[in-house]
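Reviewing the structure listed below.
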Amino acid sequence: MTTPEAEPTQPQTPDPDSDLGLDRDPDPDPATAGRGASDGAAGQSGAARPEDRLEKAVRAAEQALIEYEIAVETFRVEVENFSRLHHQKLGPMYARLDELDAEIAEALAARSGDPEDRRKADEARARVMPMPGVEELFHGWMDGEGLYPEAAAMLTDQSVRPPQRVRPSDEARKLYRELVRKSHPDLAQDDAERSRRDEFITRVNAAYARGDEPLLRELSAEWAAGPVAEQQWPSKSEELYARLEWLAQRKELLTVVARELEEGAIGAMLRMAPDDPDQLLEEIAEQLLAQVTEREAELARLTA
Numbered sequence: 027m028t029t030p031e032a033e034p035t036q037p038q039t040p041d042p043d044s045d046l047g048l049d050r051d052p053d054p055d056p057a058t059a060g061r062g063a064s065d066g067a068a069g070q071s072g073a074a075r076p077e078d079r080l081e082k083a084v085r086a087a088e089q090a091l092i093e094y095e096i097a098v099e100t101f102r103v104e105v106e107n108f109s110r111l112h113h114q115k116l117g118p119m120y121a122r123l124d125e126l127d128a129e130i131a132e133a134l135a136a137r138s139g140d141p142e143d144r145r146k147a148d149e150a151r152a153r154v155m156p157m158p159g160v161e162e163l164f165h166g167w168m169d170g171e172g173l174y175p176e177a178a179a180m181l182t183d184q185s186v187r188p189p190q191r192v193r194p195s196d197e198a199r200k201l202y203r204e205l206v207r208k209s210h211p212d213l214a215q216d217d218a219e220r221s222r223r224d225e226f227i228t229r230v231n232a233a234y235a236r237g238d239e240p241l242l243r244e245l246s247a248e249w250a251a252g253p254v255a256e257q258q259w260p261s262k263s264e265e266l267y268a269r270l271e272w273l274a275q276r277k278e279l280l281t282v283v284a285r286e287l288e289e290g291a292i293g294a295m296l297r298m299a300p301d302d303p304d305q306l307l308e309e310i311a312e313q314l315l316a317q318v319t320e321r322e323a324e325l326a327r328l329t330a
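Position 6 (the sequence shown) corresponds to 32 in the working numbering; numbering is contiguous.
Pasting the structure below:
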């Protein structure tokens, strides 16, 4: 099997606190930080700012997260590759076993005539995966005759049926006229205001084109509320703390992904033979082949 090298096979989970810098306490108070720096760095040209310490923690956390992402992604690729090989090599054997189980159950039911045996035979037959039809494979996009008209229209950017004519209500027309009078871009006093009005009037026109009276009411209330106040930009320390928080959240998400990969059936198989997964597939294939041989012999005995 050709798989990318994974080091390690199981992602090494960095500690969510120490590796992401969350156990550090870079004091954002300049007065406190200044005292500590001046006491510990006497004779130096100046004390390090608290933002410098915090930024260093963020950089360390970012590097730790990158390494963890690499480990998780490497293992994910390993799992996908092994899953694909598992399906290619063992899938036909599993399918053969399901078919034999169904035929054996049907033979037993035919021999006994017992309703319970018939029920079990029906259940066994239902477990045999049928080959999907064209419609199922293409999820309603085409059948044996070709693409459905709707699918063909989507691919050619054409309309399947003429668009319905929208007739806005009297109230919608009233709201539209009022909004246009109030928010028209020509009433802007500067470029920023004109840009805001252009964006808003585009939304108004789209709502009116759909005859969406409730949305026109919402837009009317939005315009009446006035422009959103300018955003207050965070300080450098606040930005760095927010970055640390995001890194910690990202780490938690990756931990969930890694756990799901490790606890899945394919991940568990990889952990059983991390150095030679191909050999593990060979061993499973031999076991399945033996089961197939046993089932075939049993079926031959029942139908003799």
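Note that beta-carbon positions come from the ideal geometry of N, C-alpha and C, so glycine has one too.
Own chain residues within Cβ distance below 7 Å of residue i, not counting five before or after
i, result
"E324", "I130"
"L245", "L205, R229, V230 and A233"
"E81", "L266"
"K208", "W249"
"R269", "V84"
"E88", "L273"
"F164", "In this prediction, F164 has a pLDDT of 49, which is less than 50 and means its spatial position is unreliable; nothing more can be read from the coordinates."
"R193", "G237"
"E264", "none"
"Q305", "A299"
"A152", "none"
Own chain partners of residue i with C-beta closer than 8 Å, once the 5 adjacent residues on each side are dropped
i, result
"V105", "L287, G290, I292, G293 and L296"
"E142", "none"
"D302", "none"
"L314", "L116, M119, Y120 and L123"
"R223", "S209, H210, P211, L213 and A214"
"L242", "A198, L201, Y202, L205, V230, A233 and Y234"
"L328", "I130, A133, L134 and R137"
"S109", "I292"
"T35", "For T35, the predicted structure reports a pLDDT of 41, less than 50, and the residue's modelled location is therefore unreliable. A value from the coordinates is still provided. If we look at T35 and ignore the five residues flanking it on each side, its Cβ neighbours are F101, E104, L296, R297 and P300."
"S195", "G237 and E239"
Exposure of residue i, with buried meaning 16 or more beta-carbon neighbours within 10 Å
i, result
"H112", "buried"
"A330", "exposed"
"S138", "exposed"
"D127", "buried"
"L279", "exposed"
"E240", "The residue you asked about is not Glu; residue 240 is Pro in the sequence shown. Counting Cβ neighbours within 10 Å, P240 comes out exposed, since fewer than 16 surround it."
"V254", "exposed"
"K277", "buried"
"R79", "buried"
"V98", "buried"
"E132", "buried"
"P76", "buried"
"A316", "exposed"
"A247", "exposed"
"A150", "buried"
"A251", "exposed"
"A218", "exposed"
"A90", "buried"
"T319", "exposed"
Beta carbon proximity, residue i to chain C, threshold 8 Å
i, result
"D302", "Protein chain content of the structure displayed is limited to a single chain, and chain C is not contained in it."
Selected residue, minimal CA-CA separation from residue i, among the options
i, options, result
"Q114", "A311, S263 and R327", "A311"
"E225", "L241, P211 and V154", "P211"
"L307", "D78, E93 and N107", "N107"
"R18", "A87, R285 and A90", "Absent from the structure is residue 18, since the part of the chain shown begins at 27 and ends at 330."
"R331", "Q89, E125, S263 and E93", "The question about residue 331 has no answer here: the residues shown for the chain are numbered 27 through 330."
"E95", "S263, D216, T281 and A326", "T281"
Contacts around residue i, its chain only, beta-carbon distance under 6 Å, and the 5 residues preceding and following it disregarded
i, result
"A135", "D143, R144 and A147"
"R220", "P211 and A214"
"V154", "D124, E125 and A128"
| Whole alpha helix (DSSP H) runs in the stretch 200-266 with 4 or more residues, listed along the chain? | 217-235 and 239-251
| What are the complete alpha helix (DSSP H) segments, minimum 4 residues, inside the stretch 284-318? | 291-298
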